[in-house]
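S.K.: Residue numbers (the working numbering), protein chains in the order written: chain A, 101 to 412; chain B, 62 to 336.
From the three backbone atoms N, C-alpha and C, an ideal C-beta is built for every residue, glycine too.
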Amino acid sequence: MDLSVSIGSLRLPNPLIAASGCFGYGVEYSDVVDLATLGGVAVKGLFLAEREGHPPPRIVETPAGMLNAIGLQGIGVHRFIREKLPELRDRRAIVLVNICGTTIDEYVELARILSDAEGVAALELNISCPNIKEGGITFGCNLPATHAVVSAVRKVTSLPVIPKLTPNVTDVASFARAAEEAGADAVSLVNTFLAMAIDVETRRPKLSNIVGGLSGPAIRPIAVRMVYECRRAVKIPIIGMGGIATAADVLEFMIAGASAVQVGTANFVDPFIWRSLLDGLSDYLTRHRITALSDIVGTLDTSKREQAWISS
Amino acid sequence: MPCDVDAAVIANTRLSDDYSVLALAAPEIAGLARPGQFVMVKATHSADPLLRRPFSIFEILRDATGAPLGVSLLNKRIGTATRLLYDAAPGARVSCLGPLGRPFEPVDGPVQAWMVAGGVGLAPFLTLAESLAARHTPATLFYGARRAGELYYTDTFARLGVAIELATEDGSRGTKGYVTAPLERAFTSLAPGESVRLYVCGPTPMMRAVAALSRTYGHPCEVSLEQVMGCGLGGCYSCVVLTRQQPGATPHFVRSCLDGPVFDAERIVWEALTH
């Protein structure tokens, strides 16, 4: 049975990638999970410099989900390479480094620095963080800016370039297309949905940043729909995410068109989730007599619906 | 390495309409736990509430031979998750991940150990008291609550040889007012050369006041902070606390699940703690 998948030139042992912002720098989890058994580890978003992030409260629970406004607290790319990457390398993790800048030059500089570092498998361009004022989502909400940042990074690295798209736009597929045209090897989607929660007793926002990003099972059906739309719009591989908590959720994204997936919020609830997801995928392949998991990518069967429509 | 145990509820003893002690069968966690560590608990498999909740380990439960059986949690019903735990019946399953976090550093005599607890902040001190008793460290518990009916387990601490100083806001037991009043009296009664290490857990204003008193009288103080936590393992960066590595250094946000929940009180930027 073959659970491996490909994202362009990147071969992953299975489709399960730990989502950026939900898995620290990966090393935090090395006691809990053998990092080499994961499809990949997307590390917490890195700027060039260290960042403090927002004051607490940074998260709040909502029905079947949570809002976060961490504000990209981080150690910066240089400390990451010095302090975290060697251990990730030793543990043979497939590392996707999520990078974030306030200008195109910063993205380019990050891409250059990381291309020279040993043990980086791909660059995920964070152009979709809803929680910081400058950079990030400003690129992800504007088609020419998306194109510009992706093509600028593309020019300076031979690593796979994977822009992470925001769902906070009218038409995600057009952003996937812009990324493809600019030379992206894949796209990952979706980042969190901009949202807010209010304490009615005090009339204060529940997050210090007032607004934050919604993740968890609550967003999954919307994320699946967006992956499906992007699958029809681009040829490059898609890494799907949004509320995945079971093997069936993984399969839903893959059938909709994702070649791999990321798991984020569910890892907070169950840090040992990876084993049960892999078992569930294997069980599915056995039951359906499929030898290679990658064969189900984009196999959504809409024929019944078409027949019904034609005959009516 | 932390374990995730699908723990059976052994007993759920109601102490009042708000408080209960939930005993969980989790020998793997009980065998590893150190004083002041915590577990991440989820009382339901449903997605609402979605996340686990952090709880101090209240007791290490052992069988007649002393082998670890499980842990208990001191639960105060304040929201959805704590209500589920308050209502959990024996035999129900509770997902319990731990032990997690930086523990207290139990001091050795002749230095005295002073534990200062406010309300549900009593939770991390029973395991610490056992550790101190095993070291024969002279220990005192300063324990404050709103009223007499909300002071729990004082006999258990007494049996461990811990001296008890109580305070209630309504004066129904012990000193009337806050626990800082008997604490300050104790500081002023110390003989020259006597040293003390303080361990504090409770409402933020109380911890801040105790940290200030400890500083004034020149004794080290460890505080156990309760922050909103997403994962307990350092993955989410939601439970951060503003701290200084050294006095006068630029403060930074650090994760209370990894660097805490127990901190040297001198490191905390108290003005930045919002609750």
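(1) What do you get for A:Asp299, buried or exposed, if any count of 16 or more other CB atoms within 10 angstroms of its CB means buried?
(2) Just to check my reading of the structure: A:Val141 and A:Ala193 have Cβ atoms closer than 8 Å, yes? What is that Cβ distance to the nearest angstrom?
(3) Once you ignore the five residues that flank B:Ala184 on each side, which residues in its own chain have a CB closer than 6 Å to its CB?
(4) Taking only runs of the alpha helix (DSSP H) that begin and end inside the segment 339–405 of chain A, which ones reach a length of at least 4 residues, in chain order?
(5) Relative to the C-alpha of B:Cys282, which candidate in B:Gly295, B:Cys262, B:Ser299, B:Tyr298 has its C-alpha closest?
(6) For a contact meaning CB atoms closer than 8 Å, what does B:Arg113 contact in chain A?
(7) Going by C-alpha distance, which of B:Leu334, B:Arg207, B:Leu319, B:Thr229 is nearest B:Pro164?
(8) Return the first residue and the last residue of the beta strand (DSSP E) that B:Asp65 is part of.
(9) Quick one: using the 10 Å Cβ neighbour count with 16 as the cut-off for buried, is A:Phe239 buried or exposed?
(10) For the 8 Å Cβ check, are there 3 or more pairs between the segment 85–104 of chain B and the segment 154–169 of chain B?
(11) State buried or exposed for A:Gly313, treating a residue as buried only when at least 16 other CB atoms are found within 10 Å of its CB.
(12) Quick check on the DSSP output: the beta strand (DSSP E) that includes B:Glu283 runs from which residue to which?
(13) Anything in chain A within Cβ reach of B:Pro63, meaning under 9 Å, just list it in chain order.
(14) Output the distance between the C-alpha atoms of B:Leu286 and A:Phe275, rounded to the nearest integer angstrom.
(15) Taking CB distances under 9 Å as the criterion, tell me whether B:Phe324 reaches chain A.
(16) Opposite A:Ile298 in the DSSP bridges: which residues?
(17) Suppose the cutoff is 7 Å on Cβ atoms and the five residues either side in sequence are ignored; what does the same chain contact list for B:Phe248 look like?
(18) By Cβ distance, which residues of its chain are closer than 8 Å to A:Thr386, with the 5 residues on each side in sequence left out?
(19) Looking only at its chain, what residues have a beta carbon closer than 8 Å to the beta carbon of B:Thr198, apart from the 5 residues adjacent to it on each side?
(20) Check the C-beta distance from B:Val284 over to B:Ile225 and give it rounded, since I have them as a contact under 8 Å.
(21) Mind checking which residues open and close the alpha helix (DSSP H) that includes A:Tyr207?
(22) Measure the C-alpha to C-alpha separation of B:Leu111 and A:Arg389 and round it to an integer number of angstroms.
(23) Using a 10 Å radius around the Cβ and a threshold of 16 neighbouring Cβ atoms, would you call A:Lys306 buried or exposed?
(24) On a CA-only basis, which of B:Val271, B:His280, B:Ala270, B:Ala104 is nearest B:Glu255? Give me that one, please.
(25) Using C-beta distances below 6 Å, list every residue in its chain close to A:Val397, excluding the 5 sequence neighbours before and after it, in chain order.
(26) Where do the ends of the beta strand (DSSP E) carrying A:His247 lie?
(27) Does DSSP classify B:Phe186 as helix, strand or coil?
(28) Please go through the segment 141–178 of chain B and give each complete alpha helix (DSSP H) segment of 4 or more residues, from N-terminal end onward.
(29) Could you please give me the residues that DSSP links to B:Glu116 through a beta bridge?
(30) Less than 9 Å separating the beta-carbons of B:Thr201 and B:Val223?
(31) Less than 9 Å between the beta carbons of A:Ala347 and A:Gly380, yes or no?
(32) For the segment 116–131 of chain A against the segment 184–191 of chain A, do three or more pairs of beta-carbon atoms, one drawn from each stretch, fall closer than 8 Å, so that the two count as touching?
(33) Taking CB distances under 9 Å as the criterion, tell me whether A:Asn242 reaches chain B.
(34) Quick one: using the 10 Å Cβ neighbour count with 16 as the cut-off for buried, is B:Thr304 buried or exposed?
(35) When you compare only the Cα positions, how much space is there between B:Val70 and A:Leu138?
(36) Excluding the five sequence neighbours on either side, which residues of its own chain have a C-beta within less than 7 Å of the C-beta of A:Arg331, listed in chain order?
M.R.: Well, looking at it:
(1) exposed
(2) 5 Å
(3) Ser117, Phe119, Leu135
(4) 347–356, 365–369, 373–388
(5) B:Cys262
(6) Phe368, Val369
(7) B:Leu319
(8) 64–75
(9) buried
(10) yes
(11) buried
(12) 282–285
(13) Asp131, Val132, Pro371
(14) 44 Å
(15) no
(16) A:Pro305
(17) Leu274, Tyr278
(18) Met101
(19) Pro167, Val168, Asp169, Gly170, Val172, Gln173, Ala174
(20) Not a contact, Cβ separation roughly 21 Å.
(21) 204–215
(22) 34 Å
(23) buried
(24) B:His280
(25) Met354, Ser359
(26) A:His247 -> not in any beta strand (DSSP E); alpha helix (DSSP H) instead, spanning 243–256.
(27) helix
(28) 141–148
(29) The question names Glu, but residue 116 of chain B in the sequence shown is Phe. Partner(s): B:Val100.
(30) yes
(31) yes
(32) yes
(33) no
(34) buried
(35) 33 Å
(36) Ile338, Ala356, Gly357, Gly398
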